[in-house]
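Here the structure is laid out as structure tokens; the discussion comes afterwards.
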Amino acid sequence: MSESIEARVRGAGTTHRTVYRDARLCALIISTRETNTMSRARVVAVALCTLALAGAWGDVAQAQNAVISGKVTTDFGQPIEGANVYITEMSISTRSDASGNYTINIPAARTDGRQVNLRARAFGRAPAVRPINVTPGVQAVSFSLKEDVNRLAEVVVTGVTAGTEQKNLPFTVAHIDQSEMPVPGATNVLTQLAGKVPGVQIVQASGRPGSAPSVLLRGPKSINGSGRGQDPLYIVDGVILNSGVGVNQVGTALALQGGTLADINPADIESVEIVEGAAAASLYGSRAANGVISITTKSGRNAGSGIHYNLRTEYGGSDIEHTFPYSGYSMLMMDETRTRFCTGNGSSPCAQTVSFAEEARRVNELGGVFSLPPVLFRQDFGISAAAKAPLLRNLYEVNAFPVTFNPLDQMITSGQFANTTVDASGNNGGTSYFLSGSSLWQQGSIRSLTGFKRNSVRINVDQNVGNDWTFGARTYYARAWQDGGNAEQGAGFFNLTRSPAAVNLLATDTQGRLYVRSNPLQQGAQNYNPLYYFENRRESDLDDRFLGNLTARYTPLSWLDFDANGSYDRTNSSGLFQFDKGFRTTSVSSDNLGSMTHYAGYGQSYNTAVNGSAHRSWGNLTARYTARYLYEQQDLYAEALNGSTLAVAGLTTAKDATTGFGENSTTQSIRSVGITNGVTADWKSRYFLDALVRRDGSSLFGTADRWANYGRASMAWRISDEPWWMISPVNDLKFRASYGTAGGRPPFAAQYETFTIGTGGVLVQNTQGNPHLRPETTYETEFGADAEILHRYGFNVTWAHDITKDQILPVPLPASAGFTQVWANAG
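Rendered as structure tokens:
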């Protein structure tokens, strides 16, 4: 046996790792020798096995990972799902599961025994930190997170030169987490922000599928928003949204539009930060007078190890809940049967009568491509036949229509709604990722309209390389289609409100066509059947959009870091507006021969930034200096083709038009540069200062005033952290004050002379150029206080006052100037 043991040990020597890890083999050999007397062979065997086991465990320990696990709970012991547990120094993070449990695996190559801080953070909870040593083996570390009523521990990254906790912020930046946006099926993220942030006005002016609401932060800043709007600056994952091609109903190409959020899938969004005033938005210079809304999409940094899948699908219908009242009575003269209406023909008041429905059938059935003029109903006082006051004093709407219809019920339908989103996220080693795909169809509530469709794909990836480098990529592609972006300008509903209750909007002729003039009364000539318009006008808008962002961060020293990012936003747009040949009208019109407009174009923008930041501590003082360089570029090209007198019905190609040709095109290019220097400091984590200066240059400014300066100075005092603070019920109190400036840029053509090309190529002067045109500047002063009482109640009070100088306005010119107006800083 002793030889066999030695042989085993020696044999194990040739397969060193295998025998060292098989502790059970040596234990078995030793146990088989327990009944024998002690001998030299037994001693040798035991000694060899002991050495083998010691070597085995040493080898295992050397190659063993560090495993840190525990549970994250509330201060009442309830598990917290989705808590972020992370080690900043090692760029490692994970999240807790539904039971609050988490596990972090650190590869053996990184278990160097150093001390790091293990942190836990969850929305609505104060963060916690535990120092640990990164050593091989298993460690159990649990966290109990207290409620953070005022969200003081939230880290804000918008409007600041470096991530800052809310409790240390000297101005107002609202942070909305995905848990506060509880409507997964929403089609636009802005609708979920309504009522959640003071000073933010969100108005959904249109119920059309795919339409985005209008947003005002602390009210309008400009008297005239022509060509630029009053919406805030939108940023998604560092991409400044710019691209968009606008074409109006007659096919005239418009200027570069601000980026819309209708193309963004709300299910991808992790958080939204809102900078309301110029004092906080100074970092963004001449584009931020209206505030900033910055959106961060999901990543896999907090996903934990492995792959996590989510699938959500919903299907439903939409309608219009509330209707408007309509009258079933009129002042029209009726016969004694109360089923027929008297006409204006004949000497006696009711010599001839007509059925309302039969007259509507006659004018639509027999009129060909346009409706016939109807008979004159007695006492039909429309727009062109208003009655005199003495007669109206004795007329009342007391005659009931024999048959009535609800006009709104006839126009609406329970449009379908379908929304499906699937995503996957994971965090493996130094790589984290988030992938998603979605499909949305929102039909809306109007008959004959298809509504809005959007399909999108997102890929977000982050990669850590060692402890010094971090790389990130954000890519998003969406295709959105809708059947007309409000091209009729609300005329359909305008006509609907002027349809008497006797009008049957769904009536058809013997050819199955909807009546174009469902209302045979006099005003029906202009108030045509809105359903005929929706059913027979061909409209489509198609947008293909790509958003991309690449970031790199390098931290060569613990107090020094650099980061750079490059972003790209491009939208390819195309569309068609067409009245097909034979489109019926309520009067003789050339539209019966058809007309069409094709448009196509693209808008693209680039923004690239390079940042450097240094931060040091000297005793109770901590300071950070940040320098930033930003380059922006926006380009637009759009063209539109018009034509009429279509040769063949049903064709959509431009060659189908034979007369009335027209072409329009627009090209724009904008260049901007921004240079920022900022300093932040805090003393004893109680007194905070923030100051920055930004210098902006833009091709939108006049040639004589290409540059503008902006800046801010802010301070905060956490008075509740003073050692003499004795008001124990007020556990947290901070006073803050800020003064800053931000700007508003002129419309693209405002600095240039503009002309209209008239008949024979003659130039007609329109706008006089202004080389001294400057951006508007908004000056804002903000004071506020944030308090938390009894660890249960949070209060935020902000007073802000702003004034905008150098307002950009169109100023009329005397006839002697030759031009009609000039854009100037006149307000």
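The numbering used here numbers the first residue of the sequence shown as 428 and each following residue consecutively.
Glycine residues also receive a C-beta, built at the ideal position from the N, C-alpha and C atoms.
Computed from a predicted structure; not experimentally measured.
Beta-carbon proximity of Gly704 to Ala1227, cut-off 9 angstroms: Contact flag set, yes.
Three-state secondary structure (DSSP) of Asn963: Annotated three-state conformation of Asn963 is helix, per DSSP.
CA nearest to the CA of Leu987, picked from Val1224, Gln953 and Ala589: For the residues Val1224, Gln953 and Ala589, the minimum Cα distance to Leu987 belongs to Ala589.
6 angstroms CB neighbourhood of Thr1204 in its chain, flanking five on each side removed: For Thr1204, where only same-chain residues beyond five positions count, the Cβ hits under 6 angstroms are Thr1168, Gly1170, Lys1232 and Asp1233.
Proximity to Val830 [Cα-Cα], best of Glu785, Ser852, Arg805 and Asn922: In terms of Cα proximity to Val830, the closest of Glu785, Ser852, Arg805 and Asn922 is Glu785.
Of the residues Ser520, Lys594 and Val584, the one placed nearest Arg1145, counting alpha carbons only: The option with the nearest alpha carbon to Arg1145 is Lys594.
Per-residue burial, Asp996 [other beta carbons within 10 Å of its own, 16 or more giving buried]: Taking a 10 Å sphere around the C-beta of Asp996, we find 16 or more other C-beta atoms and assign the residue as buried.
DSSP beta-bridge partners of Leu977: As computed with DSSP, Leu977 is found in a beta bridge with Ala900 and Gly993.
For Gly1175, the three-state DSSP class (helix, strand or coil): At residue 1175 the sequence reads Phe, which differs from the Gly that was named. The three-state reading of DSSP puts Phe1175 in coil, since its state is none of H, G, I, E or B.
Buried versus exposed call for Val642 [16 or more other C-beta atoms within 10 Å across all chains shown]: Here Val642 is buried: its Cβ has 16 or more other Cβ atoms, across all protein chains shown, within 10 Å.
Where the alpha helix (DSSP H) through Gln837 begins and ends: Start and end: Pro834 to Met838.
Inter-stretch contact (C-beta, 8 angstroms, three-pair minimum) for the stretch 709-728 and the stretch 685-701: Contact check between the stretch 709-728 and the stretch 685-701: three or more CB pairs, one atom from each, fall below 8 angstroms, which counts as touching.
Per DSSP, the bridge partner or partners of Ser638: BP columns for Ser638 are empty, so no partner.
Sub-9 angstroms separation of Thr1024 and Leu1078 beta-carbons: The answer is no: Cβ separation not under 9 angstroms.
Own chain residues within Cβ distance below 7 angstroms of Val568, not counting five before or after: Correct list, in chain order: Ile495, Gly497, Leu545, Arg557 and Ile559.
Residue environment, Gly678, which counts as buried when at least 16 other CB atoms sit within 10 Å: Confidence at Gly678 is low in this model, with a pLDDT of 44, below 50, so its placement is unreliable and the value that follows should be read with caution. By the beta-carbon neighbour count (other beta carbons within 10 angstroms, threshold 16), Gly678 is buried.
Helix, strand or coil at Arg788 [DSSP, three-state]: Helix, per DSSP.
Extent of the continuous alpha helix (DSSP H) to which Asn1104 belongs: First-last for Asn1104: Ala1084 to Trp1110, but that is the beta strand (DSSP E), not the alpha helix (DSSP H).
Exposure of Lys1111, with buried meaning 16 or more beta-carbon neighbours within 10 Å: Counting Cβ neighbours within 10 Å, Lys1111 comes out exposed, since fewer than 16 surround it.
Inter-residue spacing [alpha-carbon to alpha-carbon] between Asp664 and Ser994: Cα-Cα distance, rounded: 9 angstroms.
Cβ neighbours of Ser863 in the same chain (closer than 6 angstroms, five flanking residues each side left out): So the qualifying residues of the chain are Asp695, Asp850 and Arg885.
Which of helix, strand or coil DSSP assigns to Gly1254: Taken through DSSP and simplified to helix, strand or coil, Gly1254 comes out as coil.
Inter-residue Cα distance where the pair is Leu819 and Met758: Rounded to the nearest angstrom, the two C-alpha atoms are 10 angstroms apart.
Exposure of Leu803, with buried meaning 16 or more beta-carbon neighbours within 10 Å: Counting Cβ neighbours within 10 Å, Leu803 comes out exposed, since fewer than 16 surround it.
Identity of the residue in Gln1060, Leu1020 and Ile1097 nearest Val1075 by Cα: Comparing Cα positions, the closest option is Leu1020.
Pick from Phe1175, Thr1080, Val1157 and Val624 that is closest to Ser1125, judged by C-alpha positions: With distances taken between CA atoms, Ser1125 lies nearest to Phe1175 out of Phe1175, Thr1080, Val1157 and Val624.
Residues near Glu962 in its chain [Cβ-Cβ closer than 7 angstroms; skip 5 each side]: Cβ neighbours of Glu962 beyond the five flanking positions: Ser875 and Leu941.
Nearest-angstrom Cα separation, counted from Glu592 out to Pro563: Going from the Cα of Pro563 to the Cα of Glu592 covers about 33 angstroms.
Nearest-angstrom Cα separation, counted from Phe751 out to Trp1250: Rounded to whole angstroms, the separation of the alpha carbons of Phe751 and Trp1250 is 43 angstroms.
At least 3 beta-carbon pairs within less than 8 angstroms: the stretch 1147-1166 vs the stretch 1208-1216: Three or more Cβ pairs drawn from the stretch 1147-1166 and the stretch 1208-1216 lie within less than 8 angstroms of each other, which places the two stretches in contact.
Inter-residue spacing [alpha-carbon to alpha-carbon] between Gly743 and Ala929: If I take the Cα positions, the gap works out to 32 angstroms.
Which listed residue (Arg635, Asn1091, Glu1207 and Asp1109) has its alpha carbon closest to that of Thr877: Measuring from the Cα of Thr877, the nearest candidate turns out to be Arg635.
Cross-strand partners of Thr1053 (DSSP beta bridge): Per DSSP, Ser1040 and Gly1105.
Contact set for Val1238: own chain, Cβ-Cβ below 7 angstroms, skip 5 residues either direction: For Val1238, where only same-chain residues beyond five positions count, the Cβ hits under 7 angstroms are Gln1248, Val1249, Ala1251 and Ala1253.
Per-residue DSSP class, three states only, for Gly712: Assigned with DSSP and collapsed to three states, Gly712 falls in helix.
Run of the alpha helix (DSSP H) containing Ala918, from where it starts to where it stops: Counting along the chain, the alpha helix (DSSP H) containing Ala918 begins and ends at Ala918 to Leu923.
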